[in-house]
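Our numbering applies: residue 6 is where the sequence shown begins, and numbers increase by one. Right, one structure below, let's go through it.
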Amino acid sequence: MKRVIFATANEGKMKEIRLLLADLEVEVLSLKEAGIFVSITEDGKTFEENALIKVKTVGKEAPEAIILADDSGLEVDYLNREPGVYSARYMGEDTPYSVKNQAIIDRLSDAVNEERSARFVCVIAALLPDGQTFTTRATIEGQIGYQEEGENGFGYDPILYLPEYHTTTAGLSMEEKNRISHRGKALRQMKELLIDKGVI
Ligand code: IMP
6 MKRVIFATAN EGKMKEIRLL LADLEVEVLS LKEAGIFVSI TEDGKTFEEN
56 ALIKVKTVGK EAPEAIILAD DSGLEVDYLN REPGVYSARY MGEDTPYSVK
106 NQAIIDRLSD AVNEERSARF VCVIAALLPD GQTFTTRATI EGQIGYQEEG
156 ENGFGYDPIL YLPEYHTTTA GLSMEEKNRI SHRGKALRQM KELLIDKGVI
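Right, dumping it as structure tokens:
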């Protein structure tokens, strides 16, 4: 059976990828399950570069496997697409998201509705045993809210307001969010691409 290693330490992401690939004859492993303990330096300038850095670093440890990795973040148009690839590191990795979210709201205090557009971006990268790489990218578009809202999710979820749902991504259930989210869409695109190419 083909082995797919998803280069993440995040259990939530593992659950999502396992569910997505459940109908295929593949064994899906986390880094820990594959016995891979490498440090990955995410110093790329784009989501694509970072996702490719992750799969290539892990691929050296498991050359026979299909490696998948993701990179994601929040882009705020009014802030020239910040924090972007620096989303996790914005204001410091250990700063609580309540503080980061309020800082973004404050930086948009002069921005009217039309200027508040923002999105979560997710790029999925794949590395095949023959060295080929592919990436898929998807977004979920919204606006930076005027205050935090919603109890679900993580990170910047309480400030990405989705007008058509009348709430933020933190106001959606996990199932709803997975159906429409940047990560869900990019993962499904990658699944289709790998099926089309006969990889899985
Ligand atoms: P990573 O791709 O797991 O490194 O995530 C990068 C950062 O982007 C996260 O730490 C969050 O700050 C932010 N981010 C990515 N996706 C989401 C999301 O779905 N909701 C909220 N924040 C997100």
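Idealized CB from N, CA, C, for every residue including glycine. Since the model is a prediction, treat every value here as computed from it, not as a measurement.
Span separating the alpha-carbon of residue i from that of residue j
i, j, result
"Thr144", "Glu80", "10 Å"
"Glu146", "Arg94", "22 Å"
"Thr172", "Lys196", "29 Å"
"Leu57", "Thr46", "11 Å"
"Ile72", "Gly160", "25 Å"
"Lys7", "Tyr102", "38 Å"
"Ala108", "Pro168", "22 Å"
"Lys37", "Val128", "22 Å"
"Ala39", "Thr13", "11 Å"
"Tyr83", "Asp115", "10 Å"
"Ile41", "Gly89", "28 Å"
"Arg86", "Phe52", "12 Å"
"Ile205", "Glu180", "25 Å"
"Lys202", "Gln137", "11 Å"
Beta-carbon gap between residue i and residue j smaller than 8 Å
i, j, result
"Ser178", "Phe125", "no"
"Leu113", "Ile149", "yes"
"Val43", "Glu16", "no"
"Asn55", "Gly64", "no"
Cβ distance (whole Å) where residue i is taken to contact residue j below 8 Å
i, j, result
"Gly155", "Ala175", "3 Å"
"Glu69", "Pro134", "5 Å"
"Glu153", "Asn106", "6 Å"
"Leu34", "Ile10", "5 Å"
Residue environment, residue i, which counts as buried when at least 16 other CB atoms sit within 10 Å
i, result
"Glu21", "buried"
"Tyr91", "exposed"
"Val104", "exposed"
"Leu165", "buried"
"Thr100", "exposed"
"Lys59", "buried"
From the options, residue whose alpha carbon lies closest to that of residue i
i, options, result
"Leu26", "Leu192, Asp201, Gly203, Lys202", "Leu192"
"Ser122", "Tyr151, Met19, Gly97", "Tyr151"
"Leu132", "Leu34, Glu30, Lys61", "Lys61"
"Asp162", "His187, Asp201, Thr141, Asp99", "His187"
"Phe75", "Gly203, Asn157, Asp201, Phe139", "The amino acid occupying residue 75 in the given sequence is Asp; Phe does not appear at that position. Out of Gly203, Asn157, Asp201, Phe139, Phe139 has the C-alpha closest to the C-alpha of Asp75."
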